[in-house]
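**Q** Can you keep this structure in mind? I'll have questions shortly.
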Amino acid sequence: ALQRRAVMLVDVLALQSSGEDPGEELLKCENDLVGDIVFLVDSSGSIGSENFDLIKEFLKSIIKGLDIGPQKIRVGLAQYSRKFHPEFGLKDNEDKESLLNKVNQMYYRKGKTWTGEALDSIRTRYFTELEGSRAGERVPQIAVLITDGGSSDNVEEPAWRLRNHGVLVFCIGVEMKNQTKLETIASPPHHHNILPIKPECRCVFMGERDCEMLWAFKEWKCEGAGAADVVFILSDSGGSGEDDFPFLLVFLDFIINSLEIGQAKVRVGIVTASHVPRVEAHLNTFHGKAELEHFISLLPPRQGGAKIGAALNSTREVMFRERNRGRRNARKVAIVITDTKSQDSVSEAASSLRRAGTTVYAVGVKDAERTELEEMASHPSSRHVFPRADFSSLVAETQTLLRSLCSEEPSTSTTLMPWSPSVTACWQRSVLPQVSSVPNLPS
């Protein structure tokens, strides 16, 4: 799925920027990636010449590690202060050495900071088919903004327009002066897509503000589920739905990746819970995993409230009916993924769904209430409720859910997962030592 490939590409960017030796497994993984990446560099007066030199070294360290080419990763670069200054575009398709030389030739411009205008400029002047964007070929579109966060103009609307254009926005904070502003700009989840650039710390992923351990995991294959009809109920919080909905889809895609999808195996349906429940896909809509993943990558957020109780009723009354290709002898499973409290009662609707023979799982993101998740889910809660799912816990949460979902213990294959929500899935299963003493990057 496009969402998954974009997340993976961001992970590779982050690891490259960390300065770690990528190793053979990462290089093998990286060489399978395609993407259009535009770097947007703040060179205004608030950055300072020393930080600007650091940014240039930072850019070069990333570019050196990417597999750049017209059919691989395309890179564009622009800088801005009061005015927008293009350096090179996605369609230039130059070799890596030429791009590095152009980065070296960048000079510090000073002046005011107009980040909003610059975000609009890369949307209209870089992320278009005419300028080399391959969005029409379903190639991930990624913008990497490097800034200290301050801006003299509005950034919220330009950032929204860029994200709504299908671009994953990744922010690199110089000295992290304005975290709130970066959160306005970056795509969610913010702990994954807003990173610091500090010469004293090469590990870039934030969490406890310490350098985290890098790790990978093996692919889970749920081979014991047999014939199962699985309905996902997605509920996002309306006003903030744009922020959390991509994560809900990634979590959904992550679970589906481990299931045996097929008309004789696991069938999947999707319901979104807004002010009126909406059946996005019936159980007989998809005949294979690729078709399902493509559908998920195009699924938009549904605004206007979150009535999960009504969605649970629709799942029972509509989704599992034989006329909608529900199977009498197949296991019935409903998985609720929500970031908010329901605007209607869920207790009776969930109870009716469970009494009808459906196993209910409840996954909570962000502001979801644990008590409400427990009201919805089957018993025991320890097997069916996942109250605080986020990218850092995504792997563990999914594996736990799959253990319960599958009638047998999921098997572990030797194939590495093609992406990782934390850092990279292209390393052997191991835990790398925490970064303790790292020399400063050149300035």
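All letters in the sequence shown, in the order written, are residues 1 to 443 by full-length UniProt numbering. For glycine and all other residues, C-beta sits at the position ideal for the given N, C-alpha and C.
#1: State the CB to CB distance for the pair Leu-168 and Ser-187, rounded to an integer number of angstroms; the pair is presumed to be in contact (CB under 8 Å).
#2: What residues match up with Pro-86 in a beta bridge as DSSP calls it?
#3: How long is the line joining the alpha carbons of His-287 and Pro-70, rounded to whole angstroms?
#4: Which partner residues of Tyr-361 appear in the DSSP bridge assignment?
#5: If you run the structure through DSSP and keep just helix, strand and coil, what is Gly-305?
#6: Could you check whether the region 53-73 touches the region 96-105, counting it as contact only if at least three pairs of C-beta atoms, one from each stretch, sit closer than 8 Å?
#7: Which ranges does the beta strand (DSSP E) cover as unbroken runs of at least 3 residues, wholly within the region 252-302, from first to last along the chain?
#8: Measure how close the beta-carbons of Ile-335 and Val-363 come, nearest whole angstrom, since I'm counting them as under 8 Å.
#9: Using the beta-carbon count (16 or more within 10 Å), is Val-268 buried or exposed?
#10: Just to confirm the assignment, what range does the alpha helix (DSSP H) spanning Ala-135 have?
#11: List the whole-angstrom C-beta distance separating Ile-142 from Gly-35, where the pair is believed to meet the contact cut-off of C-beta under 8 Å.
#12: What first and last residue would you give for the beta strand (DSSP E) that runs through Val-38?
#13: Do Asp-229 and Lys-332 have their CB atoms nearer than 7 Å?
#14: When every heavy atom of the ligand COA is checked, does at least one fall within less than 6 Å of the C-beta of Glu-50?
#15: Give me the Cα-Cα distance between Glu-293 and Gly-136, rounded to the nearest whole angstrom.
#16: From what residue to what residue does the beta strand (DSSP E) around Gly-173 run?
#17: Quick one: what does DSSP say Leu-234 is sitting in, helix, strand or coil?
#18: Going by beta-carbon coordinates alone, are Leu-312 and Ala-349 separated by less than 7 Å?
#19: Who does Asn-386 pair with in a DSSP beta bridge?
#20: Taking just the CA atoms, how far does Ser-43 sit from Arg-82?
#21: CA-CA distance, Gly-262 and Arg-355?
#22: Counting Cβ pairs closer than 8 Å, one from the region 86-96 and one from the region 109-116, do we hit at least three?
#23: Please classify Thr-147: does DSSP put it in a helix, a strand, or coil?
#24: Please say whether Val-38 and Ile-55 have beta carbons closer to each other than 7 Å?
#25: In whole angstroms, what separates the C-alpha of Phe-170 from that of Ile-233?
#26: Please go through the same chain and pick out, in chain order, the residues whose beta-carbon is closer than 7 Å to the beta-carbon of Arg-134, but skip the five residues on each side of it.
#27: Determine whether the beta carbon atoms of Val-346 and Ile-296 lie at a separation below 7 Å.
#28: By Cβ distance, which residues of its chain are closer than 7 Å to Gln-343, with the 5 residues on each side in sequence left out?
#29: What's the gap between the Cα of Glu-156 and the Cα of Ile-185?
#30: Within the same chain, show all residues whose beta-carbon is closer than 7 Å to that of Thr-272, passing over the 5 residues directly before and after it, in chain order.
**A** Concretely, from the data shown:
#1: Position 168 of the sequence shown holds residue 168. Position 187 of the sequence shown holds residue 187. About 5 Å; that satisfies the 8 Å criterion.
#2: Stepping through the sequence shown from its first residue, residue 86 is reached at position 86. Beta-bridge pairing links Pro-86 to Ala-78.
#3: By one-based count along the sequence shown, residue 287 stands at place 287. By one-based count along the sequence shown, residue 70 stands at place 70. Each residue's alpha carbon lies about 33 Å from the other.
#4: Residue mapping note: residue 361 aligns to position 361 of the sequence shown, counting from 1. For Tyr-361, which the question treats as bridged, DSSP gives the partners Ile-335.
#5: Reading the sequence shown from its first residue, position 305 is the one you call residue 305. Here Gly-305 sits in coil by DSSP.
#6: yes
#7: 266-272 and 278-281
#8: Mapped onto the sequence shown, residue 335 falls at position 335. Mapped onto the sequence shown, residue 363 falls at position 363. So it is a contact: roughly 7 Å between Cβ atoms.
#9: Within the sequence shown, residue 268 is the residue found at index 268, counting from 1. Val-268 comes out buried.
#10: Along the sequence shown, read from residue 1 onward, the residue named residue 135 stands at position 135. First-last for Ala-135: undefined, no H or E at that position.
#11: Here residue 142 is taken as the residue at index 142 of the sequence shown, counted from 1. Here residue 35 is taken as the residue at index 35 of the sequence shown, counted from 1. So it is a contact: roughly 6 Å between Cβ atoms.
#12: Against the sequence shown, residue 38 aligns to sequence position 38. 35-42 is the extent of the beta strand (DSSP E) around Val-38.
#13: Taking the first residue of the sequence shown as position 1, residue 229 is located at position 229. Taking the first residue of the sequence shown as position 1, residue 332 is located at position 332. Cβ atoms of Asp-229 and Lys-332: closer than 7 Å.
#14: Summarising the ligand content, the structure contains no ligands, and the ligand COA is consequently not present.
#15: Counting from 1 along the sequence shown, the entry for residue 293 is found at position 293. Counting from 1 along the sequence shown, the entry for residue 136 is found at position 136. Their Cα atoms are separated by approximately 17 Å.
#16: Within the sequence shown, residue 173 is the residue found at index 173, counting from 1. Segment 167-174, the beta strand (DSSP E) holding Gly-173.
#17: Looking up residue 234 in the sequence shown gives position 234. Leu-234 falls in the strand class under three-state DSSP.
#18: The residue you call residue 312 lines up with position 312 of the sequence shown. The residue you call residue 349 lines up with position 349 of the sequence shown. Yes. Within cutoff.
#19: Locating residue 386 in the sequence shown gives position 386, where the first residue counts as 1. Position check: residue 386 holds Phe in this sequence, whereas Asn was assumed. According to DSSP, which records beta bridges pairwise, Phe-386 is partnered with Val-363.
#20: Your numbering for residue 82 matches position 82 in the sequence shown. Your numbering for residue 43 matches position 43 in the sequence shown. Distance between the alpha carbons of Arg-82 and Ser-43: 9 Å.
#21: Start at 1 with the first residue of the sequence shown, and residue 262 comes out as number 262. Start at 1 with the first residue of the sequence shown, and residue 355 comes out as number 355. Rounded to whole angstroms, Gly-262 to Arg-355 spans 26 Å at the Cα level.
#22: no
#23: Here residue 147 corresponds to residue number 147 of the sequence shown, with the count starting at 1. Reduced to three states, the DSSP call for Thr-147 is strand.
#24: As a working note, residue 55 is residue 55 in the sequence shown. As a working note, residue 38 is residue 38 in the sequence shown. Contact flag unset, no.
#25: Looking up residue 170 in the sequence shown gives position 170. Looking up residue 233 in the sequence shown gives position 233. Rounded to whole angstroms, Phe-170 to Ile-233 spans 28 Å at the Cα level.
#26: Locating residue 134 in the sequence shown gives position 134, where the first residue counts as 1. Here the set comprises Asp-36.
#27: Locating residue 346 in the sequence shown gives position 346, counting from the first residue. Locating residue 296 in the sequence shown gives position 296, counting from the first residue. Their beta carbons are not under 7 Å apart, which means Val-346 does not touch Ile-296 by this criterion.
#28: The residue given as residue 343 occupies position 343 in the sequence shown. Within the same chain, Gln-343 has close Cβ partners Gly-305, Ala-306 and Lys-307.
#29: For the purposes of this step, residue 156 is taken as the residue at position 156 of the sequence shown. For the purposes of this step, residue 185 is taken as the residue at position 185 of the sequence shown. Cα to Cα, the separation comes out at about 6 Å.
#30: Sequence index remark: in the sequence shown, residue 272 carries index 272 (1-based). Answer for Thr-272: Leu-234, Arg-278, Glu-280 and Arg-302, listed in chain order.
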